[in-house]
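*Asks:*
Chains as they are written, first to last, in the numbering used here: chain L, 17 to 652; chain Z, 4 to 331.
1. On the DSSP letters alone, give me the boundaries of the beta strand (DSSP E) that residue 547 of chain L sits inside.
2. Given a threshold of 16 other Cβ atoms within 10 Å of its Cβ, counted over all protein chains shown, does residue 427 of chain L qualify as buried or as exposed?
3. Just list the alpha helix (DSSP H) runs in the segment 149-235 of chain Z, keeping only unbroken ones of 4 residues or longer that don't cross its boundaries, in chain order.
4. Output, in sequence order along the chain, the residues in the segment 250-266 of chain L whose CB is closer than 8 Å to any CB in chain Z.
5. Do residue 440 of chain L and residue 471 of chain L have their C-beta atoms closer together than 7 Å?
6. Within the same chain, show all residues whose beta-carbon is closer than 7 Å to that of residue 318 of chain Z, passing over the 5 residues directly before and after it, in chain order.
7. Looking only at C-alpha atoms, which of L:401, L:412, L:477, L:356 sits nearest to residue 14 of chain L?
8. When DSSP labels each residue in this structure, what does residue 315 of chain Z get in the three-state scheme?
9. What's the gap between the Cα of residue 350 of chain L and the Cα of residue 312 of chain Z?
10. Excluding the 5 residues preceding and the 5 following residue 600 of chain L in the sequence, name in chain order all residues of the same chain whose CB lies nearer than 7 Å to its CB.
11. Indicate whether at least one CB of chain Z lies closer than 7 Å to the CB of residue 386 of chain L.
12. Using a Cβ cut-off of 8 Å, which residues of the segment 241-254 of chain Z contact any Cβ in chain L, in chain order?
13. With which residues is residue 355 of chain L paired in a DSSP beta bridge?
14. Helix, strand or coil, according to DSSP, for residue 126 of chain Z in the structure here?
15. Below 8 Å, can you find three or more Cβ-Cβ pairs linking the segment 356-374 of chain L to the segment 551-560 of chain L?
16. I'd like the ranges of any beta strand (DSSP E) spanning at least 3 consecutive residues and lying wholly in the segment 325-387 of chain L.
17. Within 7 Å of any Cβ in chain Z, is that where the Cβ of residue 653 of chain L sits?
18. Determine the direct distance from the alpha carbon of residue 485 of chain L to that of residue 597 of chain L, and round the result to whole angstroms.
19. Identify, in the order they occur along the chain, each residue of the same chain with its Cβ nearer than 6 Å to the Cβ of residue 62 of chain L, setting aside the five sequence neighbours on each side.
20. Note down the Cα distance separating residue 629 of chain L from residue 607 of chain L, rounded to an integer number of angstroms.
21. Listed in chain order, which residues of the segment 302-328 of chain Z have Cβ atoms closer than 7 Å to some Cβ of chain L?
22. Does any residue of chain L bring its CB to less than 7 Å from the CB of residue 235 of chain Z?
23. According to DSSP, what are the bridge partners of residue 81 of chain L?
24. Which residues mark the beginning and the end of the alpha helix (DSSP H) in which residue 268 of chain L is found?
25. Would you mind sorting residue 249 of chain Z into buried or exposed? The rule is 16 or more other CB atoms within 10 Å of its CB.
26. Counting only Cβ pairs nearer than 8 Å, list the residues of chain Z close to residue 146 of chain L.
27. Bridge partners of residue 487 of chain L, per DSSP?
28. Pick helix, strand or coil for residue 620 of chain L, following the three-state DSSP scheme.
29. Taking just the CA atoms, how far does residue 282 of chain Z sit from residue 116 of chain L?
30. Please work out which residues of its chain come closer than 8 Å, Cβ to Cβ, to residue 214 of chain Z, disregarding the five sequence neighbours upstream and downstream, and give them in chain order.
31. Considering Cα atoms alone, identify which of L:380, L:496, L:389 is closest to residue 672 of chain L.
32. Are the segment 99-112 of chain L and the segment 251-258 of chain L in contact at 8 Å, needing three or more beta carbon pairs?
33. Give a yes or no on whether the minimum CB-CB distance between residue 400 of chain L and chain Z is below 7 Å.
34. Are the segment 136-143 of chain L and the segment 159-168 of chain L touching, with three or more C-beta to C-beta distances below 8 Å?
35. Residues of chain L with CB under 9 Å from residue 268 of chain Z, in chain order?
36. List the DSSP bridge partners of residue 630 of chain L.
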């Protein structure tokens, strides 16, 4: 336990907390010994004196030095705080572990009772107990302790439940160990750490509340004094020297913060969740957009819906920038279905998000050109409100996105119909009624039965397949020129997957929209698309008509195709797989596939092959089209 | 399309709301019962004779006995309990041991003063915390504006820790006594509201804003916000229509607790600013052991908390219908 704690206190904030808590502890121990006599020295001739060199915070109504009184009061304040916290924690353990010891029936009653009690603020409970016990230091400590017990009990309950779910505790229960034994052996040692951390945080608020009670006159009674009591006495002299009378308040706040921050730092170090997360994270250096990195590539094709030339996506990594997408160029023509395949981590989704202009900082996108429907999307240099608005309108009406996970892609707090209709109102120029009717009509078009009722429902009332249909419905709410579908079927089961692919194909043909279908599954892409782009390590390495997939020339493509079983696959043999994984984004020497490629030689390992165009195909491989006899050997 | 999952019928849907309403109503009734019973129990939980404790040792036994009779403390416990309930419905909350005044009158006179403090503080807290939290989330999203983030988190942690009574004292010292800008005591005119309301609301604002920020940041990273961005909605539409409702549902329970605590905190603020409300009276009642008064006021505070909790659950159910399905 020592190491994470040491590590925790290396951050400046935690260090400050440690210093503060040490000062409070030292004052509590030595304060009364050093200044005790001085603090109670009455001096009638010097009553309510303003702050001076002798009396830093002035004097009180009996001429006693206020500053030393604050120092001396530390002990009583801290002692009462600890007492109340100890009562709260003990009560919490009692009631928190009680349900476990008492068994299910009584346990449920205790849990129910705690549930009611935690719904009331601790302050209210403290006042309730203060009425019963009356004013006074020990009754206030008891009241605050009992008031904080329910939340500690709730904490214990949660912790106990977490531990009971562990295998070894279950094993101990099955093997017939008594409940009490399990509590002592397994539960208490395990809840100790989080309990101590939360008790430290809790002590901070107990200290503040205690000051409050004493301030109201319900806590410490004269002639004893804690910070709250001093604060009450100071309020009487606030008109004489206002600023000095805040001194005990400063002490209260600093000590409260010291407990709080120490607890939070401990929680942070031990990985324990507590209520407040201070949200302190490591610094990231931001990098500025650099549009100068462009290459000479062929001129943009005029009649393409999408025309991408030398697209890069970068992320800052320390002082460097990593490029998961390293110069991608392709066209998509009107009404065409293009597939983008590759393993996970090849940059497919980033490419799609970059084309859709959906990447945000810290991601950076730059390209020679990125033209959609005749509009350059990436001229960030001379942007103004008008062009941005026009571009958003164009993208909103003409480009549709369908994402991988339908369970999370729809807003859970809005009705499904509204999520379609919104698009019609914002970009389609429809009024509320028209938009609603269109939304219902579109839900019907994506084959959702009873669309009128479905439109009024929330996403949680839809199944996964239906949600993906609704997402497609959002996509075709207006008349898109391009639908980008990023792994639209990966999260769905096989039968639903087939239905969604059918639907995508049909809806695309009806509306004449182009489709960019992204998938790691070659068979899916082959079924829907006429042309296929293969991506590897942030680059396109092959482009070919999907009909020619079996005659692919790049070893990677051929391995991908071979990894999909079909009717002629010899099922007695293990399915071939591609050994290894795609490289992590970063500097790559030579062909990025060479470490996994059965054809790789020295040239592949030193020089990256260019993407060579040959008719309607492109390939980047020094050994394009060479027989892959070796592949089988490698695979085996 | 034969695999279409059967949709819940209209009847099932309305059923769900009815079930939610019943469940919530059941909890409301149980909470009220617990609270009333606890308030009733106070006077019987006090060690010793409460009337003797309240009136002191010098008062003659006859007077004490007469007061006991007046308070109904000689009746059987169950009858006292029934009387207590009946009193709640008829507005007869007993008589003060100290002053002999009807408790109902005392409360009727002071409750408006306390409400006029708590409600504005409430509105100010919610009205400022949510925009502040959302703005901070938008400014600092994706690790932007690190310094602003650090400054905001640091300030809100420190200022959110400072309790309202210390704010009150600081405000009196600063704006009242030193600068003479604002009145510091009593309830006279609009300006007398400013310091107590701000003292009450400032820490909750910062704590709530911090929570809202964290939740909005989490929501901005979700897939459905990406969907909203793919619809090319204006940023304000994304933040207010798509992100905020989801962030609110996540913060609402905690916010309810914060606001309930703020409601009880009026006790401190009233005592600092000499505000003629329930808070001043309950402290006086506790120190002078005037149990009927303390009992009635604590009951009112507890009922206020129950109202807040119920409203929070209703708002939650309206914003996020999923919450009607879950247990609770």
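Cβ atoms here follow ideal geometry from the backbone N, Cα and C, with glycine treated the same way.
*Replies:* According to the data block:
1. Within the first chain, residue 547 of chain L is the residue found at index 531, counting from 1. Per DSSP, residue 547 of chain L belongs to the beta strand (DSSP E) from 547-552.
2. Looking up residue 427 of chain L in the first chain gives position 411. Buried, because 16 or more other Cβ atoms sit within 10 Å of the Cβ of residue 427 of chain L.
3. The segment 149-235 of chain Z contains these whole alpha helix (DSSP H) runs: 149-164, 167-174, 194-223, 226-233.
4. Hits within the stretch, in order: 250, 251, 254, 255, 258, 259, 261, 262, 265.
5. For the purposes of this step, residue 440 of chain L is taken as the residue at position 424 of the first chain. For the purposes of this step, residue 471 of chain L is taken as the residue at position 455 of the first chain. Taking C-beta atoms as the reference points, residue 440 of chain L and residue 471 of chain L fail to come closer than 7 Å.
6. For the purposes of this step, residue 318 of chain Z is taken as residue 315 along the second chain, with counting starting at 1. Around residue 318 of chain Z: 255.
7. It is not possible to answer for residue 14 of chain L, since the shown part of chain L is limited to 17 through 652.
8. The residue you call residue 315 of chain Z lines up with position 312 of the second chain. DSSP places residue 315 of chain Z in helix when its eight states are reduced to three.
9. Against the first chain, residue 350 of chain L aligns to sequence position 334. Against the second chain, residue 312 of chain Z aligns to sequence position 309. Each residue's Cα considered, the two are about 56 Å apart.
10. Against the first chain, residue 600 of chain L aligns to sequence position 584. In its chain, beyond the 5 residues on either side, no residue has a beta carbon closer than 7 Å to the beta carbon of residue 600 of chain L.
11. Counted from its first residue, the first chain places residue 386 of chain L at position 370. Chain Z places no beta carbon closer than 7 Å to that of residue 386 of chain L, leaving this residue out of the contacts.
12. Hits within the stretch, in order: 244, 245, 248, 249, 252.
13. Position 339 of the first chain, counted from the first residue, corresponds to residue 355 of chain L. Beta-bridge pairing links residue 355 of chain L to L:533, L:548.
14. Here residue 126 of chain Z refers to the residue found at position 123 of the second chain. Helix.
15. Counting C-beta pairs closer than 8 Å gives three or more between the segment 356-374 of chain L and the segment 551-560 of chain L, which meets the contact rule.
16. Positions of the beta strand (DSSP E) runs, each at least 3 residues long and wholly inside the segment 325-387 of chain L, are given as 336-349, 353-357, 380-382 in order along the chain.
17. No statement about residue 653 of chain L is possible, as the shown extent of chain L runs from 17 to 652 and does not include it.
18. Position 581 of the first chain, counted from the first residue, corresponds to residue 597 of chain L. Position 469 of the first chain, counted from the first residue, corresponds to residue 485 of chain L. In this structure, the alpha-carbon of residue 597 of chain L lies about 33 Å from that of residue 485 of chain L.
19. Here residue 62 of chain L refers to the residue found at position 46 of the first chain. Once the five neighbours on either side are set aside, the close Cβ partners of residue 62 of chain L are 75, 79.
20. In the first chain, the residue the question calls residue 629 of chain L occupies position 613. In the first chain, the residue the question calls residue 607 of chain L occupies position 591. Taking the straight line from one Cα to the other gives about 17 Å.
21. Those would be 304, 305, 308, 312, 322, 323, 324, 325, in chain order.
22. Sequence index remark: in the second chain, residue 235 of chain Z carries index 232 (1-based). For residue 235 of chain Z, a Cβ of chain L is located within less than 7 Å of the residue's own Cβ.
23. By one-based count along the first chain, residue 81 of chain L stands at place 65. Note: residue 81 of chain L sits in a beta bridge opposite L:75.
24. Translated into positions along the first chain, residue 268 of chain L becomes position 252. For residue 268 of chain L, the enclosing alpha helix (DSSP H) has its first and last residue at 263-286.
25. Along the second chain, one-based indexing puts residue 249 of chain Z at 246. Of the other Cβ atoms in all chains shown, 16 or more fall within 10 Å of the Cβ of residue 249 of chain Z; this residue is therefore buried.
26. As a first step, residue 146 of chain L is located in the first chain; it is residue number 130 there, counting from the start. In chain order: 289.
27. Counting from one through the first chain, the residue named residue 487 of chain L turns up at place 471. Residue 487 of chain L is not bridged to any residue.
28. Mapped onto the first chain, residue 620 of chain L falls at position 604. The DSSP-derived three-state label of residue 620 of chain L is helix.
29. Mapped onto the first chain, residue 116 of chain L falls at position 100. Mapped onto the second chain, residue 282 of chain Z falls at position 279. Those two C-alpha atoms are separated by around 40 Å.
30. Translated into positions along the second chain, residue 214 of chain Z becomes position 211. Contacts found: 136, 254, 257, 258.
31. The question about residue 672 of chain L has no answer, for chain L in this structure spans 17 to 652.
32. Cβ pair count under 8 Å is below three, so no.
33. Indexing the first chain from 1 puts residue 400 of chain L at position 384. No, residue 400 of chain L lies away from the interface with chain Z (no Cβ there is under 7 Å from its Cβ).
34. A contact between stretches requires three or more CB pairs, one per stretch, nearer than 8 Å, and the segment 136-143 of chain L meets this requirement with the segment 159-168 of chain L.
35. Position 265 of the second chain, counted from the first residue, corresponds to residue 268 of chain Z. Result: 137, 139, 228.
36. Counting from one through the first chain, the residue named residue 630 of chain L turns up at place 614. Listed as beta-bridge partners of residue 630 of chain L by DSSP are L:633.
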